[in-house]
Amino acid sequence: MQTRTLLLTLTLTLGFSLMTTGEPLHAQCRVIWLFGIPCQDVFVSLVNQIKAWRGMSGCLTVGQRCLYELVSATPFHIVAKHTSRQWTSKQDLTFHLVATEESVCRVTGYSISKAWARLEDNGTTYCTLYNLVEGSGLVDAEGYKMYTNEWICLEYSTANCTIY
């Protein structure tokens, strides 16, 4: 129960901070994942998936599971970029990994569109994060939980990640 209260508080705080930052208007998404496996395993899975989707092979028919670029990676911080297969949109991605006292790896993912003043993205900022987690198999990891909402993740509830 304490973890749930903490996550709810964190989610609301992040939502309010997005509304009051005064930053340029970009489509953005923040997601919190919990995994009941070591952060090192999560780190390796995410980095390997980013590297696996470097080229165009994952985008030959439909979807955006390609054109990821690893910018930097340390055991608790991953920075990447994603370009859509039509080359019309780009996102900056960041993952922060934190091991908790309960042997849980908490990952906060951020995706920010490079398109200025474009607030409608059909859930692309969410899908660029989720596709990596799903593609790496982490959605099947022990203790998997995901937390986000429309306040902190634009168009999350209508995102179709098989397309985006």
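Residue numbers (mature numbering (1 follows the signal peptide of the UniProt record, and there is no 0)): -22 to -1, 1 to 142.
Glycine included, C-beta positions come from ideal geometry on N, C-alpha and C.
| query | result |
| --- | --- |
| Nearest-angstrom Cα distance between Glu79 and Phe54? | 16 Å |
| Can the beta-carbon of Val25 be found less than 8 Å from the beta-carbon of Leu107? | no |
| List the residues that DSSP assigns as beta-bridge partners of Tyr88. | Arg8, Thr72 |
| Could you compute how far the alpha carbon of Lys92 sits from the alpha carbon of Lys68? | 5 Å |
| Express the C-alpha separation of Val117 and Ser62 in angstroms, rounding to a whole number. | 23 Å |
| Would you kindly report the start and end of the unbroken alpha helix (DSSP H) that includes Ile28? | 17 to 30 |
| Can you tell me whether DSSP reads Leu116 as helix, strand or coil? | helix |
| Count the other CB atoms within 10 Å of the CB of Pro2; is the residue buried (16 or more) or exposed (fewer)? | Note that Pro2 has pLDDT 49, beneath the 50 cutoff, so the model's placement of it is unreliable and the number below is only indicative. The residue is exposed, with fewer than 16 neighbouring Cβ atoms inside 10 Å. |
| So what does Leu48 bridge to, in DSSP terms? | Ala58 |
| DSSP state of Cys139, grouped into three classes? | coil |
| Could you tell me how far apart the beta carbons of Val76 and Gly14 are, in whole angstroms, since I believe they sit closer than 8 Å? | Their Cβ separation, rounded to whole angstroms, is 14 Å, which puts Val76 and Gly14 out of contact at 8 Å. |
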